[in-house]
Amino acid sequence: MAREDTPLDQEVFDRVLKEQTDAGTDKRVAEGRARSAAVRAYKAAHPEESEAAAPAAAAAGDGDGQAAAQAPAAAAPAAAAPAGAAAAVVAAPASAPTRTAPLPTGNIPTPKKGAPDKHRLLALVPPEGIQRVEREQGDRVNVWPHLLIEEFVAMFVLSAGLVIFATFVNAPLRELANPNLTPNPSKAPWYFLGLQELLRYFHPVVAGISIPTFILIGLAAVPFVDRNPSTRPGDRKIAITMFTLLFMFGATLTIIGSFFRGPGYNWIWPWAQGVFFEL
Amino acid sequence: MRVKPPSPSEVGDRLRETEVWKSIFRPGSIFRKGYKDTSRDRALATMNNVLYHLHPVKLKRHGLKLTYTFCLGGLSFFLFILLTVTGIFLMFFYRPMADIGGAQAYADMQSIRTGVFFGDFVRNLHRWGAHLMVFSVTLHMARVFYTGAYKPPREYNWVVGVILLFLTLGLSFTGYLLPWDQLAIWAVTVGTSLAGYSPFVAKQFNIILLGGVVVGPETLLRWYVLHVLALPFVLVLFLSVHFWRIRKDGGISGPL
């Protein structure tokens with residue numbers, strides 16, 4: 096139903112508008128408040144009309160808007176409600192399943208004159224056709240302040256530790272690079288020492304190419320190989336065991352390469368012959 | 442008549458009502474006048490800050506537990522920021538030149554240690570931070586495995602994480618060469634000698650990566666560019682996808 100067609104109490108409208116304007120309210124806001132007060136006053140004065148308004152609006156929605164708007168209250172026979180409902184259902188596809196939800200009643204906007212009829216079907220999607228997205232609310236907390244404070248604390252602890260460490264421990268800087276003088280032992284950076292250790296046992300193609308490639312592809316493939324949907328540790332004994340073994344294997348090789356290998360990359364005991372390891 | 446000067450808190454209040462202040466701090470900022478500790482302002486505080494809004498407004502309560510994440514991913518990111526800042530500082534004092542007879546790179550390293558204000562300290566931060574980042578990224582991967590956080594719908598983010606781990610190793614390894622001392626050149630020689638065994642492309646691989654047959658001045662320049670520009674650029678791209686996917690895949694995984 097168009098706004099202009101809503102019956103309202105003109106006297107109340109003028110009075111409230113003047114009150115609001117005098118109080119310094121913005122013009123548009125004042126008009127809105129006056130209108131709502133006037134409509135409420137009109138409805139209070141004509142209770143029988145507001146009862147009929149709902150079916151009248153439904154009728155306005157499904158067909159000749161102009162006619163319905165012109166005669167909102169005049170007769171408004173009780174039969175208007177079923178009639179309007181029937182018209183609405185006809186507009187829906189014939190195969191539509193029986194709908195249990197109540198039909199929309201009042202305040203369906205009147206289509207503009209000459210608007211294509213099809214548009215009105217948009218309002219008649221059966222409930223089954225609506226995708227309902229529901230997310231479990233769960234037990235959630237605000238990121239600010241709970242998580243962010245935790246992150247700030249972690250950040251400051253790490254920064255403080257690093258600053259203290261960097262103040263007292265200098266990064267190594269040896270003599271100028273000399274391609275003709277190989278240091279003994281010469282070691283890769285610590286994160287490659289596991290691979291360097293493997294070089295002692297395997298052909299370089301295996302230790303330097305095959306195994307790193309296998310690790311890279313194997314790691315990336317983990318989610319596509321492990322199809323077990325559970326995240327509970329009790330359900331993932333094989334996966335956890337395998338990962339732990341491989342991780343420990345890598346860590347052991349790295350530690351051996353770092354601390355248990357000395358001149359000539361031969362085995363040493365770090366507490367006896369000293370540590371040949373630089374970061 | 443004596444005019445009473447405004448108290449500091451009044452000055453603060455007036456400042457926080459100015460248009461300029463309000464244009465900088467979006468609604469919900471704790472720096473805005475009238476911040477209230479309500480659910481609404483807490484939500485606005487997260488979503489109206491460019492850094493905080495990497496996070497959702499709310500997270501599952503178990504995500505706060507220190508023993509679930511150990512903050513490892515966040516700390517790795519923080520270390521990346523720290524390394525970027527300290528790295529930019531070091532770039533002002535370093536030239537990647539190692540010509541025979543006058544290795545400018547090594548000379549610059551020495552002057553950073555002795556002549557540059559706070560140079561030694563910043564270099565220490567950069568080096569120890571880099572080792573720590575390799576460590577924390579590796580541990581982060583282990584954490585993600587043990588919590589099963591790579592399971593659907595997070596498979597792709599795990600793959601991105603593996604790429605990030607290898608980019609981290611690449612950044613650390615390329616940076617290892619830059620001091621141009623005996624430690625650097627020989628560690629890199631040992632590390633890259635393995636590439637010489639790759640099937641079919643060994644020679645091409647060496648020439649592309651080292652700019653020659655052995656580690657030399659060309660290698661230094663190449664690895665410098667990789668270290669300060671190329672790899673960080675790629676890493677930031679993958680990092681963006683990584684963070685974005687965390688939220689798209691439903692936030693923190695779990696609970697167990």
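Same order as they appear, the protein sequences are chains A and B. If you want my numbering, it's the 1-based position in the first sequence plus 95. If you want my numbering, it's the 1-based position in the second sequence plus 441. Glycine included, every Cβ here is placed at the ideal spot set by N, Cα and C. What you are looking at is a predicted structure, and each value in this text was computed from that prediction instead of being measured.
For V236 (chain A), the enclosing beta strand (DSSP E) stretches over residues R235 to N237. Take F511 (chain B), set aside five residues on each side of it, and the residues of its chain with a beta-carbon closer than 7 Å to its own are R584, in chain order. Burial check for E292 (chain A): the Cβ neighbour count within 10 Å reaches 16 or more, so the residue is buried. Straight-line spacing of the CA atoms in M538 (chain B) and T339 (chain A) works out to 44 Å. Taking the C-beta atoms as reference points, L524 (chain B) is found nearer than 7 Å to A571 (chain B).
Taking C-beta atoms under 8 Å as the contact rule, V631 (chain B) and Y617 (chain B) fail to qualify, at a distance of about 11 Å. Just so you know, the alpha carbons of E458 (chain B) and I522 (chain B) end up roughly 33 Å apart. A distance below 8 Å between beta-carbons, with the five flanking residues on each side excluded, links D121 (chain A) to no residue of its chain. Note on the stretch 609 to 637 of chain B: whole alpha helix (DSSP H) runs with a minimum of 4 residues are 623 to 634, in chain order. The three-state secondary structure of D540 (chain B), taken from DSSP, is strand. Using a Cβ distance threshold of 7 Å, R554 (chain B) and Q545 (chain B) do not count as a contacting pair.
Look at A486 (chain B): its C-beta is under 7 Å from a C-beta on chain A. Apart from the 5 residues on each side of it in sequence, L667 (chain B) sits with its Cβ closer than 7 Å to the Cβ of T615 in its chain, given in chain order. In terms of Cβ geometry, S577 (chain B) and S480 (chain B) do not form a close pair [threshold 7 Å]. For K501 (chain B), the enclosing beta strand (DSSP E) starts and ends at K499 to K501. As computed with DSSP, L271 (chain A) is found in a beta bridge with B:D622.
Inclusion of T326 (chain A) and G589 (chain B) in the CB contact set at 7 Å is warranted, their separation being smaller than that value. Looking at the DSSP output, W362 (chain A) bridges to A:R356.
In the three-state reduction of the DSSP assignment, Y296 (chain A) falls in the coil class.
Assigned with DSSP and collapsed to three states, K689 (chain B) falls in helix. Bounds of the alpha helix (DSSP H) holding S464 (chain B) are E460 to I465. Judged by DSSP secondary structure, T116 (chain A) falls within the alpha helix (DSSP H) whose first and last residues are Q105 to D117. Taking C-beta separations shorter than 6 Å and ignoring five residues to either side along the sequence, the partners of W599 (chain B) in its chain run Y591, following chain order. For L624 (chain B), the C-beta contacts it makes with chain A under 7 Å involve P267, R269 and E373, in order along the chain. In the DSSP annotation of this structure, the continuous segment of the alpha helix (DSSP H) that includes P318 (chain A) starts and ends at I306 to V320. Near chain A, meaning a CB-to-CB distance below 8 Å, the residues of the stretch 507 to 521 of chain B are L507, C512, G515, L516, F519 and L520. Annotated as distal: R568 (chain B) and A255 (chain A), with beta-carbon spacing of 7 Å or more. CA-to-CA, the gap between F466 (chain B) and G560 (chain B) works out to about 35 Å.
By the neighbour-count definition (other C-beta atoms within 10 Å, threshold 16), Q105 (chain A) is an exposed residue. Residues of chain A with a Cβ closer than 9 Å to the Cβ of K501 (chain B) are, in chain order, G233, D234, R235 and V236. Residue A:S353 holds the alpha-carbon nearest to the alpha-carbon of P280 (chain A) among A:P318, A:S353 and A:E143. Residue contact check for S305 (chain A) against chain B: no CB pair falls below 7 Å. With respect to S639 (chain B), I304 (chain A) sits close: the two C-beta atoms are nearer than 7 Å. Beta-carbon to beta-carbon, P594 (chain B) and D454 (chain B) are separated by about 48 Å, too far to satisfy the 8 Å threshold.
In this structure, L242 (chain A) keeps its C-beta atom at 7 Å or more from the C-beta atom of L520 (chain B).
According to the DSSP assignment, N565 (chain B) belongs to the alpha helix (DSSP H) that extends over G560 to Y587.
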